[in-house]
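Reading the sequence shown from the start, the letters are residues 2 to 363 in this note's numbering.
Glycine included, every Cβ here is placed at the ideal spot set by N, Cα and C.
Here's the structure, in structure tokens; my notes come after.
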Amino acid sequence: MRTKLTYILVFTLCLVFTSSFTRLQPPGKDKFIVVLDAGHGGHDPGKQTRSGLREKDIALKITLDVGHELEKNKDIQVIYTREKDEFIDLEERGAIANRAKADLFVSIHCNAHSSQANGAETYVLGLHRNKTNFEVAKAENSVIFLESNYEEKYAQYDVNSPESIIGLTLMQEEYLEQSIYLAGLIQDNFRQKLNRHDRSVKQAGFIVLHQTVMPSVLVETGFITNTSEGKFLSSSRGQNAIASAIADAVVDYKEHMGTNELGITSTEPVAEVKDIIYEDVTFKVQLAASGNNIATKPYNFKGLRDITKAREGKLYKYYYGATSNYTEINEKLAQAKKSGFPTAYIVSFKNGIKTPVDHIVN
Ligand SMILES: [Zn+2]
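Printed below as a string of structure tokens:
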């Protein structure tokens with residue numbers, strides 16, 4: 002009986018998705034519909050600080066501010082997934098947007114970390130590029146455990162496994178370029194208008210973004226755990242500023258898409274996911290440590306070029322690559338392992354001083 006029911010549900014979902022794809026602009030629809038999703042709520046506080054800041058409160062205030070800003074534009078209709086402190090399933094959040102045949106879905110959150118990390122980042126759904134992005138997605142996804150029947154609803158997800166989230170058919174792939182374009186506009190505004198630290202556009206497997214069939218982004222507006230950023234995010238001045246930056250980006254996005262012939266949503270590549278750069282940091286792949294002083298020639302390192310060595314105590318450390326780009330060093334690490342250095346790992350130097358990678362990538 003259970004099996005049969007599952008089949009029917011899957012089939013119905015497919016029909017809904019198919020019809021949405023073929024009808025990007027429903028006839029008679031004249032307004033540009035934006036669904037604003039304030040993260041968490043009700044018995045799910047989201048991230049919290051010892052000083053009493055709660056993600057659910059800040060996300061709601063920013064979200065309502067974005068809505069008020071957007072509603073000034075008569076061509077835009079705003080729909081909220083929640084307008085008060087209440088709990089809404091991740092699945093329902095997407096369903097609200099799908100039922101409304103929204104043009105955009107914007108989910109608003111705050112970050113937290115045990116360090117003084119700061120800055121804003123905007124996510125689109127995608128393959129996780131590294132452990133850090135996965136950890137952010139995992140924290141946001143863990144809300145499903147607060148839903149009463151999560152075992153049934155999210156049977157296909159294992160929030161502890163990036164592969165399970167990637168493994169599903171990515172409905173969002175269809176809208177990836179538009180999503181990245183909007184994410185880029187939001188980050189540009191944070192950086193240029195508000196002078197916030199730009200942690201760039203990133204990709205990771207957020208369940209809430211899996212549910213929607215329109216361009217969708219998830220904004221981590223900043224770290225409530227950072228002393229000054231926490232103050233900024235909890236002040237109405239800060240919330241207003243963040244909200245205006247997001248609203249302006251949505252309006253820019255709408256205008257850009259509107260200039261295309263026939264009003265069809267653009268599928269041109271307009272932006273690329275930025276690499277993840279850490280200023281003042283050099284990442285290297287440590288291949289080996291040895292008491293022997295070996296020449297840094299490719300023939301000594303299974304054909305790998307770009308080898309450097311450094312003496313540390315009695316040992317010589319042999320490194321492959323040197324870059325501030327965390328994405329690139331992960332690619333180099335994969336290459337090193339493939340070339341025959343299975344125990345290779347990434348090391349990092351902040352302003353020339355060896356620093357644990359965990360302290361940098363957070
Ligand atoms: Zn969140």
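Nearest to residue i (by Cα), restricted to the options the options
i      : options                           : result
Ser52  : Arg192, Asn227 and Leu316         : Asn227
Gly40  : Asp86, Phe135 and Ile77           : Asp86
Phe284 : Ala205, Asn326, Ser245 and Thr123 : Asn326
Thr328 : Val362, Lys338 and Arg306         : Val362
Leu71  : Val251, Val137, Thr297 and Leu316 : Val251
Leu210 : Gln188, Lys194, Ile181 and Asp199 : Ile181
Ile247 : Val220, Arg55 and Asn119          : Val220
Leu147 : Glu313, Tyr279, Leu91 and Arg238  : Leu91
For residue i, the first and last residue of its enclosing alpha helix (DSSP H)
i      : result
Val214 : It is not in any alpha helix (DSSP H) - Val214 carries neither H nor E in the DSSP assignment.
Ser149 : Here Ser149 belongs to no alpha helix (DSSP H), and DSSP marks it neither H nor E.
Tyr327 : Tyr327 to Lys339
Lys232 : Thr228 to Ser235
Rounded separation between residue i and residue j - CA only
i      : j      : result
Glu178 : Gly304 : 37 Å
Lys203 : Leu334 : 20 Å
His44  : Phe88  : 6 Å
Pro270 : Ala290 : Summary for Pro270: the model assigns pLDDT 37, below 50, so the residue's position carries little reliability; its value from the coordinates is reported in the next sentence. The straight-line gap from Cα to Cα measures roughly 44 Å.
Ile59  : Val107 : 15 Å
Lys255 : Phe33  : 8 Å
Ala352 : Asp359 : Inspection of the sequence shows that residue 352 is occupied by Asn rather than by Ala. About 16 Å.
Pro299 : Tyr321 : 11 Å
Pro343 : Gln336 : 10 Å
Val125 : Leu105 : 12 Å
Ile80  : Lys355 : 49 Å
Asp307 : Thr324 : 11 Å
Ile63  : Pro357 : 35 Å
Phe224 : Lys339 : 37 Å
Thr309 : Ser349 : 14 Å
Asn331 : Asp199 : 21 Å
Val67  : Val36  : 11 Å
Lys275 : Ser201 : Below a pLDDT of 50, predicted positions are generally treated as unreliable, and Lys275, at 48, falls in that range; the measurement from the model is reported next regardless. Cα to Cα, Lys275 sits roughly 6 Å from Ser201.
Classification of residue i by the beta-carbon crowding that lies within 10 angstroms, buried from 16 upward
i      : result
Asp31  : exposed
Phe135 : buried
Lys139 : buried
Tyr346 : exposed
Asn293 : exposed
His110 : buried
Gly314 : exposed
Ala311 : exposed
Gly341 : exposed
Lys57  : buried
Arg100 : exposed
Proximity test, residue i beta-carbon vs ligand 1 heavy atom, cut-off 8 Å
i      : result
Lys48  : yes
Ser250 : Looking at the sequence shown, residue 250 is not Ser but Ala. No, the Cβ of Ala250 stays beyond 8 Å of every heavy atom of ligand 1.
His114 : no
Glu136 : no
Glu178 : no
Glu122 : no
Ala140 : yes
Ala60  : yes
His44  : no
Glu148 : no
Gly40  : yes
His211 : no
Glu93  : no
Glu56  : yes
Bounding residues of the beta strand (DSSP E) (the contiguous stretch that carries residue i)
i      : result
Gln204 : Asp199 to Ala205
Gln287 : Val282 to Ser291
Glu122 : Ala121 to Leu126
is_contact[residue i, chain D] using C-beta, thresh 9 Å
i     : result
His69 : The displayed structure is made up of one protein chain only, and chain D is not part of it.
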